[in-house]
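Quick note: the sequence shown, position 6, residue 6 per UniProt numbering, numbers continuous.
Where a beta carbon is used, it is the ideal one built from N, C-alpha and C, also for glycine.
Note that the structure is predicted; figures quoted are calculated from it, not measured.
In what follows, a single structure is set out as structure tokens and then discussed.
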Amino acid sequence: MSISIDHQEGTAVIKATGRLDSSSVDDLEALVKNELDKNAKHLIFDFSELVYINSSGLRVLVLAYQKLSGGGGNILVCGLKDYIQEVFSISGYDKIFKLFPQCDTALESVQNS
């Protein structure tokens, strides 16, 4: 898995490519923790090039959500492939996180809030 981060309009957009599982989750967790330590209010996860996610990857999102939700922040997830969106739906995470088909729409949502 590779991870990149881009800051747009004060929002961190984190792009994960490849597989997000127990062997690769530590890098994402460290990056998310760093953003939270810098008092990020919103995190957008661009999963448009993600091909696999398991419970380890989902756990990072849940932990970030727990830290952000108390302060009015949000976790937004965009670009999910159909089979990964199904993982979010089956697990109920589509009710917790704001999901967007396109990442530019997710960014607009943050800017308009």
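What residues in its chain sit with their C-beta under 7 angstroms from that of residue i, if we drop five residues either side in the sequence?
i: residue 96; result: 65
i: residue 2; result: 17 and 18
i: residue 4; result: 15
i: residue 20; result: 1, 28, 50, 52, 53 and 57
So which of the options has the shortest CA-CA distance to residue i?
i: residue 60; options: 45, 70 and 49; result: 45
i: residue 57; options: 30, 73, 70 and 68; result: 30
i: residue 39; options: 106, 92 and 12; result: 12
i: residue 109; options: 21, 26, 76 and 52; result: 76
i: residue 91; options: 36, 55 and 26; result: 55
i: residue 81; options: 70, 100, 63 and 74; result: 100
Any idea what DSSP makes of residue i, helix, strand or coil?
i: residue 88; result: helix
i: residue 80; result: coil
Leaving aside the five residues before and after residue i along the sequence, list all residues of the same chain whose C-beta is less than 6 angstroms from its C-beta, in chain order.
i: residue 48; result: 79
i: residue 6; result: 13
Measure the beta-carbon distance from residue i to residue j and round it to whole angstroms, keeping in mind my assumption that it falls under 8 angstroms.
i: residue 68; j: residue 43; result: 7 angstroms
i: residue 32; j: residue 53; result: Not really, about 14 angstroms apart at Cβ, beyond 8 angstroms.
i: residue 9; j: residue 85; result: 26 angstroms between Cβ atoms; not a contact.
Considering only residues of the same chain and omitting the five flanking positions on each side of residue i, which have a CB-CB separation below 8 angstroms?
i: residue 72; result: 41
i: residue 105; result: 78
i: residue 102; result: 78 and 79
Closer than 8 angstroms, CB to CB, is residue i near chain D or not?
i: residue 31; result: The displayed structure is made up of one protein chain only, and chain D is not part of it.
Next item on the list: At 4 residues or longer, and completely inside the stretch 3-63: list those alpha helix (DSSP H) runs for me, N to C.
Entry: 25-37
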